[in-house]
Every structure is written in C-alpha cells, then in structure tokens.
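Peer 1:
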Amino acid sequence: MTETADPFGTSELRAAVLAAWRDSPTRLREDAATEADLVRAGYRDRLLTELAQNAADAAAKAGVAGRLAVRLAGRDLHIGNTGAPLDLSGVHALTALRASGKSDVGTVGRFGVGFTAVLAVSEDVELRSTTGSLRFSRDLTLDALRHSDIRVPAADVDELAPPVLRLAWPVEAPPADGLDTEVVLRLRDDVDAEALLAGMQEEAVDLLLELPPLHRIRIGEDEVVSSAEDMGDGLHEVYVDGPGGEQRTWWQYRASRARWLLPVRNGKPVAAAPDVLRAPTRSDEELSLPALLIANIPMQPDRRRLLPGARLAQLAEGYADFARALPPRDRLVLVPAPGFARSEADGLIREALIRELQTQPWLPVVATRRHTAPEGLVGALAHLDPVAREPYADGLSGATASIGEQTAGVAAPTDALAGERDNVFDSSAQVANRVAIPTNTHVFTGLTEELAALLVDVVGPLAIPDLSGRAQAEAMSVLDVHRLGLARIAELSGGLERPPTWWRSLYCALEPFVVDPLTAEELGALAVPLADGRLVTGPRTVLSDDQLEVAIPVHWARVVHPEAAHPLLARLGARSATAEDLLSDPGLRADLEDNPAEPDTVDAILRLAAHADPATLPSWLGSLELPDTEGELLPADELLLPGAPLRDLLVSDAPFGTLDPDLVDRYGADALRAVGVGWDFSVVVEADPTGPDHDLDDEPHWWSTLLDDPPELAAVRDLDLVDDAAWPEALRQLAATPRTRRLLTDANGYTAWWLRRYARIDGTPLGLLRHPVDTEFAGLLPPFADIDADAFRAVLANPDLITEDLGVALLDALADPAKTPVPDVVSRTHARLAAAVAADRLDLTDFPPPDRVRALSGAVIDSGDAFVLDQPWFGLAVPSDRLVVGDTDTASALATLLDLPLVSESVTAEVVGAGRRTIWAAEPLGVVLRQLLTLTEPEGELILHDDLLVRLSGAIETTVSVPLWCIGSTVHVRAPRSQS
Numbered sequence: 020m021t022e023t024a025d026p027f028g029t030s031e032l033r034a035a036v037l038a039a040w041r042d043s044p045t046r047l048r049e050d051a052a053t054e055a056d057l058v059r060a061g062y063r064d065r066l067l068t069e070l071a072q073n074a075a076d077a078a079a080k081a082g083v084a085g086r087l088a089v090r091l092a093g094r095d096l097h098i099g100n101t102g103a104p105l106d107l108s109g110v111h112a113l114t115a116l117r118a119s120g121k122s123d124v125g126t127v128g129r130f131g132v133g134f135t136a137v138l139a140v141s142e143d144v145e146l147r148s149t150t151g152s153l154r155f156s157r158d159l160t161l162d163a164l165r166h167s168d169i170r171v172p173a174a175d176v177d178e179l180a181p182p183v184l185r186l187a188w189p190v191e192a193p194p195a196d197g198l199d200t201e202v203v204l205r206l207r208d209d210v211d212a213e214a215l216l217a218g219m220q221e222e223a224v225d226l227l228l229e230l231p232p233l234h235r236i237r238i239g240e241d242e243v244v245s246s247a248e249d250m251g252d253g254l255h256e257v258y259v260d261g262p263g264g265e266q267r268t269w270w271q272y273r274a275s276r277a278r279w280l281l282p283v284r285n286g287k288p289v290a291a292a293p294d295v296l297r298a299p300t301r302s303d304e305e306l307s308l309p310a311l312l313i314a315n316i317p318m319q320p321d322r323r324r325l326l327p328g329a330r331l332a333q334l335a336e337g338y339a340d341f342a343r344a345l346p347p348r349d350r351l352v353l354v355p356a357p358g359f360a361r362s363e364a365d366g367l368i369r370e371a372l373i374r375e376l377q378t379q380p381w382l383p384v385v386a387t388r389r390h391t392a393p394e395g396l397v398g399a400l401a402h403l404d405p406v407a408r409e410p411y412a413d414g415l416s417g418a419t420a421s422i423g424e425q426t427a428g429v430a431a432p433t434d435a436l437a438g439e440r441d442n443v444f445d446s447s448a449q450v451a452n453r454v455a456i457p458t459n460t461h462v463f464t465g466l467t468e469e470l471a472a473l474l475v476d477v478v479g480p481l482a483i484p485d486l487s488g489r490a491q492a493e494a495m496s497v498l499d500v501h502r503l504g505l506a507r508i509a510e511l512s513g514g515l516e517r518p519p520t521w522w523r524s525l526y527c528a529l530e531p532f533v534v535d536p537l538t539a540e541e542l543g544a545l546a547v548p549l550a551d552g553r554l555v556t557g558p559r560t561v562l563s564d565d566q567l568e569v570a571i572p573v574h575w576a577r578v579v580h581p582e583a584a585h586p587l588l589a590r591l592g593a594r595s596a597t598a599e600d601l602l603s604d605p606g607l608r609a610d611l612e613d614n615p616a617e618p619d620t621v622d623a624i625l626r627l628a629a630h631a632d633p634a635t636l637p638s639w640l641g642s643l644e645l646p647d648t649e650g651e652l653l654p655a656d657e658l659l660l661p662g663a664p665l666r667d668l669l670v671s672d673a674p675f676g677t678l679d680p681d682l683v684d685r686y687g688a689d690a691l692r693a694v695g696v697g698w699d700f701s702v703v704v705e706a707d708p709t710g711p712d713h714d715l716d717d718e719p720h721w722w723s724t725l726l727d728d729p730p731e732l733a734a735v736r737d738l739d740l741v742d743d744a745a746w747p748e749a750l751r752q753l754a755a756t757p758r759t760r761r762l763l764t765d766a767n768g769y770t771a772w773w774l775r776r777y778a779r780i781d782g783t784p785l786g787l788l789r790h791p792v793d794t795e796f797a798g799l800l801p802p803f804a805d806i807d808a809d810a811f812r813a814v815l816a817n818p819d820l821i822t823e824d825l826g827v828a829l830l831d832a833l834a835d836p837a838k839t840p841v842p843d844v845v846s847r848t849h850a851r852l853a854a855a856v857a858a859d860r861l862d863l864t865d866f867p868p869p870d871r872v873r874a875l876s877g878a879v880i881d882s883g884d885a886f887v888l889d890q891p892w893f894g895l896a897v898p899s900d901r902l903v904v905g906d907t908d909t910a911s912a913l914a915t916l917l918d919l920p921l922v923s924e925s926v927t928a929e930v931v932g933a934g935r936r937t938i939w940a941a942e943p944l945g946v947v948l949r950q951l952l953t954l955t956e957p958e959g960e961l962i963l964h965d966d967l968l969v970r971l972s973g974a975i976e977t978t979v980s981v982p983l984w985c986i987g988s989t990v991h992v993r994a995p996r997s998q999s
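In case it helps, the numbering used here puts the sequence shown at residues 20 to 999.
(1) If I measure Cβ to Cβ from GLY987 and keep anything under 6 angstroms in the same chain, skipping five residues before and after, which residues do I get?
(2) Excluding the 5 residues preceding and the 5 following ILE962 in the sequence, name in chain order all residues of the same chain whose CB lies nearer than 6 angstroms to its CB.
(3) Assign ARG8 to buried or exposed, taking buried as 16 or more other Cβ atoms, counted over all protein chains shown, within 10 Å of its Cβ.
(4) According to DSSP, what are the bridge partners of LEU825?
(5) Are the CB atoms of THR759 and VAL694 within a distance shorter than 8 angstroms?
(6) Mark ALA35 as exposed unless 16 or more other C-beta atoms lie within 10 angstroms of its C-beta, in which case mark it buried.
(7) Please classify ARG374: does DSSP put it in a helix, a strand, or coil?
(8) Would you mind listing the alpha helix (DSSP H) stretches within the stretch 798 to 866 that are 4+ residues and don't spill past its ends, in chain order?
(9) Can you tell me whether SER246 is buried or exposed? The criterion is at least 16 other CB atoms within 10 Å of its CB, across all chains shown.
(10) In the DSSP assignment, find the unbroken alpha helix (DSSP H) run with ALA628 in it and report its ends.
(11) Which two residues bound the contiguous beta strand (DSSP E) that contains ALA734?
(12) Taking the alpha carbon of THR556 as the point to measure from, which residue in LEU525, LEU715, SER512 and GLY877 has its own alpha carbon closest?
(13) With a Cβ-Cβ cutoff of 8 angstroms, do ARG789 and LEU829 count as a contact?
(14) Taking the straight line between their C-alpha atoms, what separation do you get for LEU367 and LEU334?
(15) Whose C-alpha, out of PRO320, PRO457, THR560 and ALA360, is nearest the C-alpha of VAL384?
(16) What runs of the alpha helix (DSSP H), each 4 residues or longer, lie entirely inside the stretch 151 to 191?
(17) Taking 8 angstroms as the threshold, find out whether the stretch 485 to 502 comes into contact with the stretch 524 to 539 through three or more Cβ pairs.
(18) Is GLU657 close to chain B, meaning its C-beta is less than 8 angstroms from at least one C-beta of that chain?
(19) Hey, could you find the ends of the alpha helix (DSSP H) TYR338 is sitting in?
(20) Are LEU87 and ILE236 close, meaning C-beta to C-beta below 8 angstroms?
(21) So for ARG389, helix, strand or coil by DSSP?
(22) Would you say ARG666 touches the ligand MN, meaning its beta carbon is less than 7 angstroms from a heavy atom?
(23) Taking the straight line between their C-alpha atoms, what separation do you get for GLU256 and LYS287?
(24) Would you report the Cα separation of THR597 and PRO572, rounded to the nearest angstrom?
(25) In angstroms, rounded to a whole number, what distance separates the CA positions of VAL283 and ALA217?
(26) One question on the structure: do ALA940 and TRP984 come within less than 8 angstroms of each other, judged by their Cβ atoms?
(27) DSSP three-state label for PHE700, please.
(28) Around the Cβ of THR864, are there at least 16 other Cβ atoms within 10 angstroms (buried) or fewer (exposed)?
(29) Is ARG666 helix, strand or coil when you go by DSSP?
(30) Tell whether a beta-carbon distance below 8 angstroms holds between GLY905 and ALA853.
(31) Among ASP196, VAL137 and HIS111, which has the Cα closest to the Cα of THR149?
(32) Of the choices ILE880, LEU799 and HIS166, whose alpha-carbon is the least far from that of VAL841?
Next comes the structure, spelled out in structure tokens:
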C-alpha cells in the first residue's frame with residue numbers, strides 16, 4: 020500500500036505535539052480546555068464568518084476576485100474558495116492553536132484560532148487545497164493518544180475531550196474543481212444541516228460588504244454577488260445581487276480608519292438600522308449609527324469585543340468628508356439621531372462623529388454674492404489669532420480677496436465656478452461646493468428658495484432649503500446649527516440698505532410663515548421702507564396706500580414706499596391710508612402752520628392731491644403757499660387758476676392772485692383745485708366745527724341763528740366778493756356745480772342763509788323772491804325767474820318760515836297800492852304774519868306800525884279806518900274795504916302787529932226782531948246747517964228769522980240784513996223763502 024504524501028510534514032508536527040503532551044499532561048489539559056473555550060464562547064456562531072475571512076485573505080493574497088461556495092453532500096458540508104492555497108505557515112497556525120499565520124496587515128483571519136469555529140458543527144474536518152490536504156479528527160487524536168500511551172487527564176465535571184485541531188493527518192482528496200481550497204465538515208448528528216445553510220444564507224450579504232475581496236458567495240443553489248461603481252469624491256455605490264433578481268444598494272465611503280456603508284432605498288440614502296461594530300466582520304459591540312461601520316481597530320482574539328484602550332474617536336476621522344461627498348439634500352442622513360447609546364463604544368463613537376460633523380465644513384449652504392473685503396476690515400482683524408481669523412481667511416488674503424468664498428466657515432467653490440460669482444444662486448455644482456461648518460451656520464425652518472435668496476446676504480451661512488424642513492430640525496439641533504426665527508429676521512432687517520422691490524419680495528417670501536397672531540407678533544420689529552426714503556421699524560407704525568403707483572416723499576407721515584407695499588404689512592398692523600387720509604393728517608396741518616411754503620411739502624401735497632377726491636379734503640389745505648404770476652407766494656385759497664370763470668364774477672378789487680401757469684403744467688389743474696386754488700366757487704368743509712372761525716362773511720351772525728353746533732360745516736366761501744351785477748351768472752354757476760348745488764338745499768346752512776340775505780337780483784335779496792310756481796305771495800313778492808329755481812328753493816321766500824326781513828317786506832308790499840294781490844293771497848299773508856307773531860318768531864320792536872294796510876277788498880287804506888276781523892260774521896255786516904282779514908284764531912296777534920283794533924271791540928251788533936226759537940235737532944234747516952257748517956253737536960238755541968237784521972253801532976252806525984249772526988251760543992239764521 021502506497022503511503023500518503025505529506026507535503027506539510029504533519030508527521031513531525033504530530034510527533035512534537037504528542038511528545039509535549041506525554042511530557043506534560045497539564046499541557047494536554049490546557050490545549051483541550053482552550054479549544055473547548057474557543058468553540059463554546061469566542062467562535063460559537065462564526066463558522067461561515069471565519070471561513071469567509073480566510074477566503075477573503077486568500078483572494079487578496081492571490082489578487083483575484085474572491086469566490087466562496089457552500090454545498091451540502093449528505094452529511095458533509097463543503098465550504099470552498101478561490102485564492103492563495105494552503106501553505107506551510109497556515110498548517111503551523113492551524114495546529115498551534117494560539118498562533119496565526121497572518122503576516123499582511125490587510126488580512127483578518129488567515130487560518131488562525133478562528134478556524135476552531137468549525138468544531139461547533141463537526142469533529143472530523145478535512146482541509147483540501149491544491150498544495151496538499153489535511154484531516155483533523157477527534158477520533159484519530161484519541162487513537163494517537165492510546166498508541167502513544169498518553170493518558171487523558173480526568174476533567175472536573177465530564178470526561179475531557181482531547182483537542183481536534185492540534186494533530187493533522189495528510190489526505191489525498193483534492194478540492195472540488197474550480198476551487199483552490201475546500202473545507203469539508205462531517206456534521207455531527209445533532210446539527211440541523213438545513214438550518215445551518217439557512218443561517219449562512221442570511222449572513223452572505225453582510226460578508227460581501229465586510230470582506231471586499233470576496234465578490235461571490237454561493238450557498239446551495241443560491242448565489243449572492245457584489246459589485247461597485249465609482250461615484251466620485253471617494254464615494255462608491257455598492258450593489259449586492261441576490262437570488263430572484265433582488266438587489267440591495269449601499270453608498271460606501273472609505274476613510275483613513277474605517278469604511279462607512281449607507282443603505283440606499285429607491286435611489287435615496289436612508290439611515291441604517293441599529294447594528295454592531297464590524298472589524299471587519301460583525302462583533303458584539305452594539306451601535307446605533309446612521310451608517311454601517313467597518314473599522315480597522317484592535318479587537319480581542321475572538322473579534323467579539325474591543326481591546327481595552329481602543330481609540331474609538333479616531334474612527335470619526337473623515338466622517339465629515341463622507342457627508343460632503345453625498346448629494347446636498349441627503350447629507351443630514353449621516354447625523355446620529357438623539358437617543359441613548361446602545362453600548363459604551365456606541366456612545367463614544369457617536370460623540371466623536373457629532374464632534375466631527377459640528378467642526379468640519381460639509382453642511383450645504385446657500386450660495387452668496389461675492390463681496391470685496393473692505394480695506395479697513397483687513398487691518399481690524401489682523402491682530403486676531405488664526406482661529407479667530409478663520410471665518411475671514413479668504414477676505415484677509417489681500418484686499419481683493421472675497422469674503423463670500425469662506426465667510427463664517429463657508430468653504431470656497433472651485434475655480435471652475437468663479438464665473439458665476441455674481442449670482443445669488445449658482446449652478447447645482449456650485450451649490451454642492453458651498454459648504455459651511457454647522458456651528459457657524461443658520462437654519463430657518465421651512466426655508467423657501469425665494470426667502471433663501473433674500474436672506475443669504477443678511478444672515479451669513481444659511482442652510483439650503485432642502486435641509487431646512489421640519490423633518491431635518493432634529494438633525495440640525497444635534498449639529499448645533501443656529502436656529503433663525505421670524506423675530507431674528509425682523510431684528511436683522513433694521514438698517515439694511517435694499518431697494519423697495521427687495522423689501523416687497525421679502526414680505527412676499529415671509530407671508531406664508533405668518534399663520535397665527537404669535538408669528539405675526541414675531542415680525543413686529545420688521546423694517547419697512549418709506550416713500551420718503553427712510554427705513555423704519557415696525558409695520559404697526561406705518562401707513563399703506565395701495566392707490567399710489569409712484570413714491571411720494573411724505574415726511575409728515577410714515578407711508579410705505581409703493582414699490583414695497585404688500586398685504587403682509589396690513590396683517591402685521593400697518594394701517595391703510597388713502598391720499599385723502601394723508602392730506603387730512605394733523606401732522607401736515609402743523610407743518611403748514613409752521614412753514615406753508617416748504618418746497619418738499621408743497622410737492623408732496625400737490626402730487627397726493629392728484630390722487631385724492633377733492634370733496635373729502637380739508638379746507639385748511641388752502642393755506643399752502645404757491646407762487647402767483649408775479650412770483651409772490653400766496654395761500655392757495657387766495658389764488659385762481661389762469662382763465663378761471665370765477666374771475667369774471669368778482670368785484671374789481673377782489674383779493675385773488677392768478678397762479679403761476681408753470682405749476683398748472685407740472686401738477687395739473689385738478690390737483691391745484693383740490694388744495695383750494697380757485698376755478699369756480701370754493702367750499703369750506705370742517706367736521707365738528709366749534710365756532711364761527713372759518714373766515715366767512717358775517718359768519719358769527721349765521722352761527723347765532725343755530726340752535727346747536729352743526730356736525731359739519733360746509734359752506735361756499737367768498738360770496739361777499741361777487742359783483743352785484745354778476746349775481747345771475749354767479750347763481751347759475753352755483754347751481755351747475757354739484758359740490759355747491761348740494762349746499763343750496765340746506766335752508767339752515769351758511770350758504771343758503773347768506774344768499775337769502777345778501778345775494779340780489781335786480782336789487783332784491785333772494786330771500787324776498789318767491790319760487791315761480793309758489794302762489795302764496797303772488798302779487799306781493801317778485802318771482803325768481805330765468806334761473807334754476809328748484810336749486811334755490813331753500814334760499815327763496817319760505818311761506819312756512821316768516822323771517823323778520825320777509826315780514827317787513829310783506830308788510831311793505833301789502834301797503835303798496837301798486838301791488839294787486841287777490842283777497843285770498845292777502846288773507847293768507849296776514850294769517851302767516853300773525854302766526855309768526857303768535858309763535859314769537861318775530862320781534863315786534865323791528866316792526867313799526869304801518870300807516871296803511873291792505874283791506875280784504877284789496878284796497879290799501881289808512882290804518883285809522885281799518886279793523887281786524889276777529890269774528891267772521893262781522894264780515895257779513897262790515898264793509899270789506901274796512902276789514903283786515905287773516906285767521907280769526909290769530910286775529911289778536913295780527914291786530915298787535917298792525918296796531919289795529921279788533922272789529923268786535925270797535926263795533927256793537929244787535930239783532931232786530933225776536934224770530935222763532937227752536938233747537939237744532941228739531942228743525943230741518945238745523946240739520947242742513949250742521950252739515951253745511953260742519954258742526955258736530957252745537958250748543959245753544961237756533962233762532963229763525965224771516966228777515967235777519969243786525970243793527971251796528973259804535974265805530975259804524977247802520978242796520979244790515981245778513982244771512983247769519985251769532986251772539987254767544989245762540990245762532991240767528993234767516994229762514995229761506997220762495998220768491999213768487
């Protein structure tokens with residue numbers, strides 16, 4: 020029988036080990052206990068991991084793409100790999116138990132103590148390689164001990180099992196085709212082969228990530244393959260393809276002491292689930308990091324725990340570079356989430372990573388405009404230490420350096436991007452290169468592109484909008500990024516020099532963030548540009564006029580510049596103000612009182628007046644001083660526009676100048692008329708007037724006629740300057756202009772009052788003219804003709820309101836024989852005069868008794884021959900040319916006014932004849948008379964006469980036949996009789 024080849028000299032190795040055991044039974048016991056401890060503890064569940072590490076080392080040593088194949092043949096588990104085959108040092112490492120054959124730094128487990136993991140499932144192991152094969156067996160070891168007369172020492176508890184891997188025997192079996200090394204494990208009966216393979220399948224993906232030299236792992240019929248693509252900036256995309264076309268992806272970054280793997284889902288990186296430290300394979304050090312950590316760090320021999328004193332902080336070196344290599348919007352995924360550490364190592368690594376992220380420039384910020392460093396800034400900062408100067412480093416590199424390249428920790432873009440320096444937002448490549456140190460950066464939650472473009476030059480490094488959402492707020496807090504709130508934005512806005520359109524853009528960008536009173540309050544100090552160029556603090560202090568399209572410098576009020584006006588300002592407390600409001604402002608009135616000719620004030624007023632409703636403007640704007648044609652400054656209300664029709668109506672010495680035509684060309688006639696420059700009649704308007712202080716003719720007299728102060732004064736001014744001959748045309752103008760026509764309808768207003776007393780047509784005051792359709796005083800007062808009489812109805816004579824002037828005029832007309840009123844007009848006029856006296860509306864001291872009066876007949880008679888009719892039946896007996904008739908109810912007042920006697924007191928009447936006495940109800944004529952005379956229930960007797968005669972005595976001596984007479988309650992009536 021041919022002896023098996025022994026290329027590795029295992030016979031000598033066995034002899035040496037057996038000799039050592041024979042000489043020292045304790046050594047045998049120690050070797051057995053050590054191997055048992057490694058199997059039960061350090062390598063109890065690391066079978067595939069340890070063999071995969073050996074395969075990775077073999078592939079790396081051979082410089083080939085590593086492949087690992089696992090298959091089950093009956094109860095034999097075959098685990099083979101490609102790469103460098105078994106060599107003598109590997110054999111020595113396998114049998115030495117304590118030593119490893121690794122010599123390269125890059126290897127992690129080339130046939131060291133980790134090979135004892137095979138004993139977890141088998142006690143009969145073959146290691147087949149293209150350079151030779153070995154067998155390890157517990158049974159063979161026991162036989163060797165018996166043949167060498169070596170007694171196996173007793174164990175404290177159970178029988179001591181001799182070590183398996185100390186003695187190796189050569190075998191002839193080669194590795195399977197295509198493999199360089201193959202481990203064959205004859206599984207123990209208690210091992211579930213299918214479960215073992217299933218567990219290995221679950222480990223395969225992790226092993227490909229942990230051991231880059233391995234590219235493929237086949238377990239049974241399933242194969243897992245890894246590949247990678249270079250993404251640039253040190254970043255690689257790692258793919259692991261599994262059975263059924265399943266593919267998993269990671270982004271990998273290799274730092275100086277670690278590899279980081281970030282899971283990718285649907286093309287977007289996501290934080291890794293809680294994991295363990297991998298060095299490079301899985302350990303028992305639990306971690307809660309956003310990325311998988313595969314570290315080059317000292318571990319205990321079983322690679323489950325870190326060696327004491329391991330410098331974990333060094334693992335964080337380059338982590339910020341990893342973050343910077345990611346797309347800007349995805350970088351925060353690498354920030355450890357707040358929470359309790361899962362282990363001591365986890366806590367230390369997390370702290371180191373956060374410190375690395377907080378102090379290195381990697382956080383994407385909005386690209387800023389470049390600004391040249393001020394010359395004075397260089398000298399001011401030169402004395403600072405390098406750390407203090409760091410935020411300004413680029414700006415201090417000569418006076419021409421750009422602060423924008425690295426302001427407050429902002430890293431400069433590459434030279435290729437220099438051409439875009441003047442843009443607020445550069446290309447995407449520029450944005451990716453605009454990074455800052457997080458602790459020097461600001462973040463505004465919910466930042467939009469529009470707001471970012473406006474704030475970037477205000478607050479310095481500003482996190483890009485993609486990283487400023489609420490979802491990123493927690494990560495920003497971990498990084499200690501400065502939170503920027505609305506209140507801080509408002510504070511920073513003060514003192515900014517920006518065009519009005521920039522401010523409007525800012526308000527537009529801020530508006531979506533003002534969602535409740537609290538957020539509105541935060542913007543209480545927001546700066547607002549004014550129309551006069553000032554910048555003030557607080558929207559509540561300003562006025563906004565949406566009607567203005569151009570800026571008008573209004574210095575007496577805080578008016579928002581029209582190009583900056585935005586609805587947000589109203590939400591923040593800005594009050595709406597029209598041009599009318601601004602021109603009615605008390606501050607303007609005070610300015611006009613102090614300096615009515617100040618050029619800026621004049622310009623602002625006239626420009627505003629072009630947008631205002633003249634009817635609502637205060638009359639005191641007329642105090643604004645403007646130049647006339649001679650260059651002399653006069654109040655606006657003492658000037659007339661060139662060609663004003665009012666000029667032809669005024670007296671020759673009217674105190675009105677003519678406005679400089681240049682002002683008309685510059686501001687327009689409407690604006691000038693609005694402030695009081697005359698064209699036609701001007702109107703004085705004041706709300707809640709307190710007295711007659713409006714420089715109106717005879718205003719105190721009018722005021723004295725009022726019972727209460729009027730709620731508003733509106734009056735036509737300068738009526739006293741109208742030439743007497745021009746009143747017809749003046750009245751036509753008053754009636755034709757709406758703002759003056761409405762004042763003519765107020766009978767108690769100043770305008771109607773003044774016109775009634777002082778305006779004259781053909782020498783007659785308007786108050787003594789009657790409306791053409793009014794017949795009350797027909798024949799006594801002249802009609803108001805040839806002019807719009809309806810417009811002046813409240814100005815003309817009012818029959819219901821007899822004034823002293825009207826009363827005097829009526830008495831004079833009644834005494835004028837040239838007047839020919841009909842008796843009814845005479846009677847009604849006397850009645851209205853008497854009613855005014857009875858109501859004490861006329862002061863009789865102003866009415867001297869007339870010498871002549873108008874009798875009922877229409878004749879004008881001497882007052883000594885006249886009587887006032889106080890009992891109507893006297894009118895049946897006394898001649899009408901001696902009776903003055905009004906209303907019998909006010910006959911006494913009429914007699915007093917005219918200083919005439921009552922007829923019943925001057926003439927005595929006596930009925931002649933007894934007649935026939937009866938009562939009203941019993942007499943047919945009584946019933947008819949009651950209906951004729953509209954008597955209800957007359958009292959007294961009814962006396963019927965065939966011929967009723969009344970004898971008069973006293974001032975008149977005669978006997979008269981009358982149809983009816985009354986004496987007391989007795990009524991005498993002439994009974995009708997037929998004529999034959």
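Every residue, glycine too, gets a C-beta built ideally from N, C-alpha and C. For clarity, every value in this text was computed on a predicted model and none was experimentally measured.
Peer 2: Reading it off the structure:
(1) Residue 987 sits at position 968 when you count from the first residue of the sequence shown. Closer than 6 angstroms at the Cβ level, and outside the excluded window around GLY987, lies no residue.
(2) Reading the sequence shown from its first residue, position 943 is the one you call residue 962. Here the set comprises GLY934, ARG936 and HIS991.
(3) Outside the displayed span of the chain (20 to 999) sits residue 8, for which this structure offers no information.
(4) Taking the first residue of the sequence shown as 1, we reach residue 825 at position 806. Under DSSP, LEU825 forms no beta bridge with any residue.
(5) Residue mapping note: residue 694 aligns to position 675 of the sequence shown, counting from 1. Residue mapping note: residue 759 aligns to position 740 of the sequence shown, counting from 1. Against a cut-off of 8 angstroms, the Cβ pair of THR759 and VAL694 comes out as no contact.
(6) Here the question's residue 35 lines up with position 16 in the sequence shown. Label assigned to ALA35: exposed.
(7) As a working note, residue 374 is residue 355 in the sequence shown. Helix.
(8) Fully enclosed alpha helix (DSSP H) runs of 4 or longer: 823 to 833 and 842 to 857.
(9) Indexing the sequence shown from 1 puts residue 246 at position 227. It counts as exposed.
(10) Mapped onto the sequence shown, residue 628 falls at position 609. Where ALA628 is concerned, the enclosing alpha helix (DSSP H) stretches over 618 to 628.
(11) Locating residue 734 in the sequence shown gives position 715, where the first residue counts as 1. Taken as a continuous stretch (DSSP letters only), the beta strand (DSSP E) holding ALA734 covers 731 to 735.
(12) For the purposes of this step, residue 556 is taken as residue 537 along the sequence shown, with counting starting at 1. Comparing Cα-Cα distances from THR556 to each of LEU525, LEU715, SER512 and GLY877, the minimum goes to SER512.
(13) The residue you call residue 789 lines up with position 770 of the sequence shown. The residue you call residue 829 lines up with position 810 of the sequence shown. Against a cut-off of 8 angstroms, the Cβ pair of LEU829 and ARG789 comes out as no contact.
(14) As a position in the sequence shown, residue 367 is number 348, starting the count at 1. As a position in the sequence shown, residue 334 is number 315, starting the count at 1. Distance between the alpha carbons of LEU367 and LEU334 is about 10 angstroms.
(15) The residue given as residue 384 occupies position 365 in the sequence shown. Out of PRO320, PRO457, THR560 and ALA360, the CA that lies nearest to the CA of VAL384 is found in PRO457.
(16) 157 to 166
(17) no
(18) No chain B appears in the structure shown, which is made up of a single protein chain.
(19) Taking the first residue of the sequence shown as 1, we reach residue 338 at position 319. Counting along the chain, the alpha helix (DSSP H) containing TYR338 begins and ends at 338 to 344.
(20) Position 68 of the sequence shown, counted from the start, is the residue given in the question as residue 87. Position 217 of the sequence shown, counted from the start, is the residue given in the question as residue 236. Cβ atoms of LEU87 and ILE236: closer than 8 angstroms.
(21) Against the sequence shown, residue 389 aligns to sequence position 370. The pLDDT assigned to ARG389 is 49, lower than 50, so where the model puts this residue is not dependable; a value taken from the coordinates is nonetheless given after this. Note: ARG389 maps to coil in three-state DSSP.
(22) With respect to the ligand MN, the structure offers nothing, as it holds no ligand at all.
(23) Here residue 256 is taken as the residue at index 237 of the sequence shown, counted from 1. Here residue 287 is taken as the residue at index 268 of the sequence shown, counted from 1. If I take the Cα positions, the gap works out to 12 angstroms.
(24) Counted from its first residue, the sequence shown places residue 597 at position 578. Counted from its first residue, the sequence shown places residue 572 at position 553. Using only the alpha carbons, I get a separation of about 14 angstroms.
(25) As a working note, residue 283 is residue 264 in the sequence shown. As a working note, residue 217 is residue 198 in the sequence shown. If I take the Cα positions, the gap works out to 25 angstroms.
(26) Position 921 of the sequence shown holds residue 940. Position 965 of the sequence shown holds residue 984. No, the pair does not count as a contact, with Cβ atoms beyond the cut-off.
(27) Stepping through the sequence shown from its first residue, residue 700 is reached at position 681. Correct three-state label for PHE700: coil.
(28) The residue given as residue 864 occupies position 845 in the sequence shown. By the neighbour-count rule (16 or more Cβ atoms within 10 Å), THR864 is not buried but exposed.
(29) Here residue 666 refers to the residue found at position 647 when the sequence shown is read from its first residue. Helix, per DSSP.
(30) Along the sequence shown, read from residue 1 onward, the residue named residue 905 stands at position 886. Along the sequence shown, read from residue 1 onward, the residue named residue 853 stands at position 834. Against a cut-off of 8 angstroms, the Cβ pair of ALA853 and GLY905 comes out as a contact.
(31) Your numbering for residue 149 matches position 130 in the sequence shown. Looking at the Cα atoms, ASP196 is the closest of the given residues.
(32) As a working note, residue 841 is residue 822 in the sequence shown. Cα-wise, what sits closest to VAL841 is LEU799.
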